[in-house]
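These notes concern the structure reproduced below.
There are 2 protein chains.
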Amino acid sequence: MASLSDYIESYLKLLLSSVPDEWVEIRRRDLAERFRCAPSQISYVLTTRFTIERGYVVESRRGGAGYIRIFRLGAAPGSDALEVVREAVGDAVDRKAADDLIVRLVDMGALSPQDAAFVRAAVHADDGDRRPELDGIVRARVLKATLLFVLTQPTTE
Amino acid sequence: MASLSDYIESYLKLLLSSVPDEWVEIRRRDLAERFRCAPSQISYVLTTRFTIERGYVVESRRGGAGYIRIFRLGAAPGSDALEVVREAVGDAVDRKAADDLIVRLVDMGALSPQDAAFVRAAVHADDGDRRPELDGIVRARVLKATLLFVLTQPTTE
DNA sequence: AAGTCTTTGACCATTACTGACCTTCTGCAC
DNA sequence: GTGCAGAAGGTCAGTAATGGTCAAAGACTT
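Line by line, the protein sequences give chains A and B.
The working numbering numbers the first residue of the first sequence as 652 and each following residue consecutively.
The working numbering numbers the first residue of the second sequence as 652 and each following residue consecutively.
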């Protein structure tokens, strides 16, 4: 049942839970050798399992002494707020859709009114500045980024 | 964090933070000897890590009493990160400029490595989907909005 | 049978590092 | 002052060692 990708995913999550920090560093080549697979398989696991929507951020460097770092964000992995965001925000979003999503998240209890105000301000910050035709695209990207950022922050209470 | 260049970079930044002034003076040959590497390696580190985009200026002189001076620009703790962002982000930015700014903010202590990875992921989300000539503009707006949001977000610390 | 997820490999892009060769500066002999 | 030798740092192309991308094939579900 469990595929190789599942094993690699489990291994990485175990690694993450075994270190005091919120991130781990791996070498794609080494990991591929450990699991006897092609290096691109590691990339596949990372892009399908360690996405922002699932509460992870991956950064890497090529070349000599290259590496891959996996950061775990402070999200509750079960939260369906992330799923709502992912579904609601496509390539472009108009003002109303953005505001609707923010209201919906507040209603869900996933977003505090304060955070909602912050997000709304960031999303509408420079509407129509120079290239109005890009507003929808920029709005979508900023909306997604700020929402994911807020939703994945460790809760302070 | 394993390459020799990384160590040399760290050493120089440590040196910078250990002196009262905003600059240090080194000798390429001596530094190369200390790290057991070719002198050109020092030049490599300086041109890749101590660029103006990352908040440094390097000046040097050849010949008998040659030297290399590294100046740090407004990266002292307490300087205004928001101001740096506004100055650095114009109407359009390329990938490297975006990355350099993020590195600089981490250098300043204004951004945690996690948040940096997050912003980087948001900014480089899906480059090149649309007309490529618009990427720089979208990137600039997303970068600015996301950074301003993250930097002004009430932190939990 | 169709669709989705997994896995691979060929090819590409990026980064680190070196050494041969070039340019610039100082100091000294004259 | 001139000329020259030595002692810096600069440049650049080449090599090696990574990770990324993507189309295609394979495997598994429905």
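Beta carbons are placed, not taken as given, at the ideal position from N, Cα and C, and that holds for glycine.
Neighbour flag for tyrosine 658 of chain B against chain A, beta carbons, 8 Å: Cβ-Cβ to chain A under 8 Å: no for tyrosine 658 of chain B.
Could you give the C-beta distance for valine 789 of chain A and valine 774 of chain B, rounded to a whole number, given that I count them as a contact under 8 Å? No, valine 789 of chain A and valine 774 of chain B are not in contact; Cβ-Cβ is about 11 Å, not under 8 Å.
Which one or two residues does DSSP pair with glutamate 710 of chain A in a beta bridge? A/Arg720
Starting from glutamate 676 of chain A and walking both ways along the beta strand (DSSP E), at which residues does that stretch end? 674-677
Can you list, in chain order, the residues of its chain with a C-beta nearer than 6 Å to that of valine 736 of chain A? Leave out the 5 residues immediately preceding and following it. Cβ within range, chain order: Leu798.
4 or more residues per run - each alpha helix (DSSP H) lying fully within the stretch 723-762 of chain A: 732-739 and 746-759
Leaving out five residues on either side along the sequence, give the residues of the same chain with a beta carbon under 7 Å from the beta carbon of glutamine 804 of chain A. Gly725
So, does the CB of threonine 797 of chain A fall closer than 8 Å to a CB anywhere in chain B? Closer than 8 Å to some Cβ of chain B, the Cβ of threonine 797 of chain A qualifies, so yes.
Rounded to whole angstroms, how far is the Cβ of leucine 802 of chain B from the Cβ of isoleucine 721 of chain B, which I believe are closer than 8 Å? That belief does not hold up - the Cβ atoms of leucine 802 of chain B and isoleucine 721 of chain B are roughly 26 Å apart, past 8 Å.
Of the choices A/Gly717, A/Phe769, A/Asp731 and A/Leu762, whose alpha-carbon is the least far from that of alanine 653 of chain B? A/Gly717
Can you pull the chain A neighbours of leucine 785 of chain B, defined as C-beta to C-beta under 7 Å? Leu785
When you compare only the Cα positions, how much space is there between glutamate 660 of chain A and serine 669 of chain B? 42 Å
Counting Cβ pairs closer than 8 Å, one from the stretch 764-772 of chain A and one from the stretch 743-756 of chain A, do we hit at least three? yes
Counting contacts by CB-CB distance shorter than 8 Å, is serine 654 of chain B in contact with chain A? yes
Grab me the residues of glycine 711 of chain A's own chain with a C-beta within less than 6 Å of its C-beta, minus the 5 sequence neighbours each way, in chain order. Residue identity check: residue 711 of chain A is serine in the sequence provided, not glycine. Closer than 6 Å at the Cβ level, and outside the excluded window around serine 711 of chain A, lie Ile719.
Taking DSSP as the reference, what is the three-state secondary structure of valine 770 of chain A? helix
The alpha helix (DSSP H) with serine 669 of chain B in it runs from where to where? 655-669
How many angstroms separate the CA atom of tryptophan 674 of chain A from the CA atom of aspartate 657 of chain B? 19 Å
Cα-Cα separation between alanine 776 of chain A and alanine 796 of chain B, rounded to whole angstroms: 7 Å
If you measure between the beta carbons of aspartate 745 of chain B and glycine 787 of chain B, is that distance less than 8 Å? yes
Reference alanine 761 of chain B; option with closest CA among B/Glu784, B/Asp731 and B/Ala748: B/Asp731
Is valine 735 of chain B near the ligand ZN, judged by its Cβ being under 7 Å from some heavy atom? The ligand ZN is not part of the structure shown, which contains no ligands of any sort.
Threonine 702 of chain B in three-state terms, based on DSSP: coil
So, is the C-beta of glutamine 692 of chain B closer than 8 Å to a C-beta in chain A? no
Rounded to the nearest angstrom, what separates valine 740 of chain A and glutamate 684 of chain B at their Cα positions? 54 Å
Given that a residue counts as buried once 16 or more other Cβ atoms are within 10 Å of its Cβ, and exposed if not, what is aspartate 766 of chain A? Under this definition aspartate 766 of chain A is a buried residue.
Proximity winner among B/Leu682, B/Ala791, B/Arg678 and B/Phe686, relative to glycine 715 of chain B (alpha-carbon distances): B/Arg678
Interface residues of chain A facing alanine 811 of chain B [CB-CB closer than 7 Å]: Any property of residue 811 of chain B remains undetermined from this structure, which presents chain B solely from 652 to 808.
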